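Engineer:
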Amino acid sequence: MYTDVDRCVRAVQSKDARFDGWFFTGVLSTGIYCRPSCPVVPPKVENMRFYPSAPAAQQAGFRACKRCRPDASPGSPQWNERADLVARAMRLIADGVVDAEGVPGLAARLGYSVRQVERQLHAELGAGPLAIARAQRAQTARLLIETTTLPMSEVALAAGFSSIRSFNDTVREVFALTPTEMRKPAKRVRPSTPSTTLSVRLPFRAPLNPDNLFGHLVATAVPGVEEWHDGAYRRTMNLPNGPAVVSLRPHPDYIGANLLLSDLRDLSTAINRCRRLLDLDADPVAVDEHLSEDPVLAPLVAKAPGRRVPRSPDPAEFAVRTVLGQQVSTAAARTHASRLVRAHGTPFTDPVGTLTHLFPSPEALADLDPADLAMPATRKRTLATLVNALATGALELDAGTDWTSAREKLLALPGIGPWTAEMIAMRALGDPDAFIPTDLGIKQAAEALGLPTGVKQLTEHAEAWRPWRAYAVQYLWATGTHAINRMPV
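Position in the sequence shown (first residue = 1) + 26 = the working numbering.
#1: Report all residues from its chain with a CB closer than 6 Å to the CB of T380; omit the five preceding and five following residues, and keep chain order.
#2: Cβ atoms of R291 and G131: under 8 Å apart, would you say?
#3: Rounded to a whole number of angstroms, what is the C-alpha to C-alpha distance between S179 and N194?
#4: Whole alpha helix (DSSP H) runs in the region 122-186 with 4 or more residues, listed along the chain?
#5: For R95, which of E319, P62 and L111 has the nearest alpha-carbon?
#6: Tell me E434's beta-bridge partners as DSSP assigns them.
#7: Specify the secondary structure class of L394 as computed by DSSP and reduced to three states.
#8: Are the beta-carbon atoms of L293 and L169 separated by less than 8 Å?
#9: Reducing DSSP to helix, strand and coil, say where V226 ends up.
#10: Leaving aside the five residues before and after F240 along the sequence, list all residues of the same chain whose C-beta is less than 7 Å from its C-beta, in chain order.
#11: Expressed to the nearest angstrom, what Euclidean distance is found between the alpha-carbon atoms of P100 and S338?
#12: Under the three-state reduction of DSSP, which class applies to P220: helix, strand or coil?
#13: Quick check on A472: buried or exposed, where buried means 16 or more other Cβ atoms within 10 Å of its Cβ?
#14: Since M263 is in the beta strand (DSSP E), which residue starts that stretch and which ends it?
#15: List the whole-angstrom C-beta distance separating V53 from P69, where the pair is believed to meet the contact cut-off of C-beta under 8 Å.
#16: Who are the near neighbours of A120 in its chain, counting only those whose CB is closer than 6 Å to its CB and skipping five residues on each side?
#17: When burial is assigned at 16 or more other CB atoms within 10 Å of the CB, is D393 buried or exposed?
#18: For L517, which residues from the same chain have a beta carbon less than 6 Å from its beta carbon, with the 5 sequence-adjacent residues on both sides left out?
#19: Can you grab the Cα-Cα spacing for the pair G467 / T507, in whole Å?
#20: Quick one: using the 10 Å Cβ neighbour count with 16 as the cut-off for buried, is V499 buried or exposed?
#21: Can you check the region 417-493 for any alpha helix (DSSP H) of at least 4 residues that lies completely inside it and give the ranges in chain order?
#22: Can you check DSSP and say which residues form a bridge with I58?
#23: Inspect the beta-carbon positions of V349 and L409 and report whether they are closer than 8 Å.
#24: I need the boundaries of the alpha helix (DSSP H) containing L326, first residue and last residue.
#25: The beta strand (DSSP E) that contains F76, what's its start and end?
#26: Do you know how far the Cα of T485 is from the Cα of A504?
#27: Rounded to the nearest angstrom, what separates T246 and A509 at their Cα positions?
#28: Given this structure, state the Cα-to-Cα distance separating H383 from P377, to the nearest angstrom.
#29: Taking the alpha-carbon positions, what's the L234 to W105 distance?
#30: To the nearest whole angstrom, what separates the beta carbons of W494 and V327, a pair I think is in contact under 8 Å?
#31: Alpha carbons only, please: which of S364, T361, R360 and F385 is nearest the one belonging to G371?
#32: Measure the CB-CB distance between R492 and D459 and report whether it falls below 8 Å.
#33: With 8 Å set as the bound, which would you pick, yes or no: does the beta-carbon of V272 sit closer than that to a beta-carbon of chain D?
#34: Quick one, are the C-beta atoms of L399 and V346 less than 8 Å apart?
#35: Could you tell me the alpha carbon to alpha carbon distance between D465 and R360, rounded to whole angstroms?
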């Protein structure tokens, strides 16, 4: 979009928050860059320059605006909508792959050479993977500087910097302040001692309907791993450097997140996984406008706009849970998953609620004896086959997985059919166009709305909903009375 100068100018002049994260505005007269909705008086048109990413603006010599904090704007919805190399790379960079494995590790996961990955990112975003990861580290550093009393040396390490010098240089370059100057304004309100519990606000593009989002997560929650506690959804997470507990609470203008981390180096990854879990980088206006073109869906959208797709912070975990839930009720699926967690999950001590375990990894389930599972023999074999494929790497499910390839590999496993593959594609991998016409809830909604109920006929009707069929699923599910559609109390 940043190449459409007239459209960008209109967005900046109207302070349109819908375009935050889509592009960034560099202001020649001040040397700063902003998000489109920046509250300051818009600059003269001749002083505006537009960039596709915050790293591109930084590389062009602009510093982040202190008022609108463009580095903290919602991410571009493109990275969750698209399945191409650049989008997959951006999802993996957000998940911390470059910091953990370097650019060669990123390229290996994508199945391309380092040169190809760097060329594609530079062509579209104006910055390479190192610059993008560096911008992410700068944002993490700002959060730690402003919300903790950690010594700056520990902040630098936790944010992923290799040295104090690179930390200081990056902070000054990006924010036009030294780390010490950034910490001064918040000094009086911060706790007096360092803590691994951090509170942050997760922005999103309005509108956001929390009913099905939190309702679905809580109604399907695995006891011991997830819970609804004191008005917030809480769950344990396996992060690269250790376990964590995240607590997510809906507010009208943001999602409040409390993060209990065992290692502060996981802060950026934790935030990005929470955003992915709640689908916070979606563009609800574009989705709802498109779906409203169907006269059957239009009243559903008008009644409760802004529905998101409830997703998962761990695709492999969700794949296992989906197989456990094949052809059984939500309550039965939770029971099966809870037994698996108690038998194979890592125990965890929750200082606040009732969380007791981390969900077991595929490696932890590799020696699973199907005979111990109280389910049909065919599903036992399916689960064992899936776990083996995940543990050996024959099937890889992560933020950068190619959606089409993943479907093909899933469908090649005995016992995994279209419903399971599409559910994993929708909620674990984040494909916005995943569709499950064989789902009982979708069939019931289709019948009640006068839509065709046959798989072929409904799929043909849903062609008009592309590329947002996963969101259409949320609106169809919402016609039912299941607990997944209600905000917990």
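From the three backbone atoms N, C-alpha and C, an ideal C-beta is built for every residue, glycine too.
No experiment lies behind these values; they were computed from the predicted model shown.
Structural biologist: Answer, in terms of the structure:
#1: Counting from one through the sequence shown, the residue named residue 380 turns up at place 354. Sequence-distant Cβ neighbours of T380 in its own chain, meaning closer than 6 Å and more than five residues away, are E253.
#2: Residue mapping note: residue 131 aligns to position 105 of the sequence shown, counting from 1. Residue mapping note: residue 291 aligns to position 265 of the sequence shown, counting from 1. No, the Cβ-Cβ distance between G131 and R291 is not below 8 Å.
#3: What you label residue 179 is simply residue 153 of the sequence shown in a count that begins at 1. What you label residue 194 is simply residue 168 of the sequence shown in a count that begins at 1. Each residue's Cα considered, the two are about 10 Å apart.
#4: The DSSP assignment places 123-136, 140-151, 155-173 and 178-185 as complete runs of the alpha helix (DSSP H) inside the region 122-186, in order along the chain (cut-off: 4 residues).
#5: Along the sequence shown, read from residue 1 onward, the residue named residue 95 stands at position 69. Of all alpha-carbon atoms in E319, P62 and L111, the one lying nearest the alpha-carbon of R95 is that of P62.
#6: As a working note, residue 434 is residue 408 in the sequence shown. Looking at the DSSP assignment, E434 forms no beta bridge with any residue, so it has no partner.
#7: In the sequence shown, counting from the first residue as 1, residue 394 sits at position 368. Coil, per DSSP.
#8: For the purposes of this step, residue 293 is taken as residue 267 along the sequence shown, with counting starting at 1. For the purposes of this step, residue 169 is taken as residue 143 along the sequence shown, with counting starting at 1. Going by C-beta atoms, L293 is nearer than 8 Å to L169.
#9: Position 200 of the sequence shown, counted from the start, is the residue given in the question as residue 226. V226 falls in the strand class under three-state DSSP.
#10: Your numbering for residue 240 matches position 214 in the sequence shown. These residues qualify, in order along the chain: Y259, P276, M513 and P514.
#11: Numbered from 1 along the sequence shown, position 74 holds the residue referred to as residue 100. Numbered from 1 along the sequence shown, position 312 holds the residue referred to as residue 338. CA-CA distance, P100 to S338, rounds to 18 Å.
#12: Locating residue 220 in the sequence shown gives position 194, counting from the first residue. Low confidence applies here, because P220 scores a pLDDT of 42, under 50, leaving its location unreliable; read the following figure in that light. Correct three-state label for P220: coil.
#13: To locate residue 472, count along the sequence shown from 1; it is residue 446. The C-beta of A472 has 16 or more other C-beta atoms within 10 Å across all chains shown, which makes the residue buried.
#14: In the sequence shown, counting from the first residue as 1, residue 263 sits at position 237. Here the beta strand (DSSP E) through M263 covers A258 to L265.
#15: Locating residue 53 in the sequence shown gives position 27, where the first residue counts as 1. Locating residue 69 in the sequence shown gives position 43, where the first residue counts as 1. Indeed they touch by this definition, with Cβ atoms about 5 Å apart.
#16: The residue you call residue 120 lines up with position 94 of the sequence shown. These residues qualify, in order along the chain: N298.
#17: For the purposes of this step, residue 393 is taken as the residue at position 367 of the sequence shown. Burial call: exposed.
#18: Because the chain here runs from 27 to 515, residue 517 falls outside it and cannot be looked at.
#19: One-based indexing of the sequence shown puts residue 467 at position 441. One-based indexing of the sequence shown puts residue 507 at position 481. Rounded to whole angstroms, the separation of the alpha carbons of T507 and G467 is 10 Å.
#20: Indexing the sequence shown from 1 puts residue 499 at position 473. Buried.
#21: Runs of the alpha helix (DSSP H) spanning 4 or more residues and lying entirely within the region 417-493 occur at 429-437, 444-453, 466-475 and 481-487, in chain order.
#22: The residue given as residue 58 occupies position 32 in the sequence shown. Looking at the DSSP assignment, I58 forms a beta bridge with V53 and R89.
#23: As a first step, residue 349 is located in the sequence shown; it is residue number 323 there, counting from the start. As a first step, residue 409 is located in the sequence shown; it is residue number 383 there, counting from the start. Cβ distance < 8 Å, so V349 and L409 count as in contact.
#24: In the sequence shown, counting from the first residue as 1, residue 326 sits at position 300. In the DSSP assignment, L326 falls within the alpha helix (DSSP H) that extends over A324 to K329.
#25: Here the question's residue 76 lines up with position 50 in the sequence shown. Annotation: the continuous beta strand (DSSP E) that includes F76 extends over M74 to Y77.
#26: Here residue 504 corresponds to residue number 478 of the sequence shown, with the count starting at 1. Here residue 485 corresponds to residue number 459 of the sequence shown, with the count starting at 1. Each residue's Cα considered, the two are about 19 Å apart.
#27: Translated into the one-based positions of the sequence shown, residue 246 becomes position 220. Translated into the one-based positions of the sequence shown, residue 509 becomes position 483. Distance between the alpha carbons of T246 and A509: 9 Å.
#28: The residue you call residue 383 lines up with position 357 of the sequence shown. The residue you call residue 377 lines up with position 351 of the sequence shown. H383 and P377 have their alpha carbons spaced roughly 13 Å apart.
#29: Within the sequence shown, the letter at position 208 stands for residue 234. Within the sequence shown, the letter at position 79 stands for residue 105. L234 and W105 have their alpha carbons spaced roughly 19 Å apart.
#30: As a position in the sequence shown, residue 494 is number 468, starting the count at 1. As a position in the sequence shown, residue 327 is number 301, starting the count at 1. Actually they are not in contact, since the Cβ atoms of W494 and V327 sit about 11 Å apart, beyond 8 Å.
#31: Here residue 371 refers to the residue found at position 345 when the sequence shown is read from its first residue. Ranking S364, T361, R360 and F385 by Cα distance to G371 puts F385 first.
#32: One-based indexing of the sequence shown puts residue 492 at position 466. One-based indexing of the sequence shown puts residue 459 at position 433. Yes.
#33: Going by chain labels, chain D is absent from the structure shown, which holds only one protein chain.
#34: On the sequence shown, position 373 is the one that residue 399 refers to. On the sequence shown, position 320 is the one that residue 346 refers to. Contact annotation: L399 and V346 have beta-carbon atoms that are not nearer than 8 Å.
#35: Within the sequence shown, the letter at position 439 stands for residue 465. Within the sequence shown, the letter at position 334 stands for residue 360. Cα to Cα, the separation comes out at about 18 Å.
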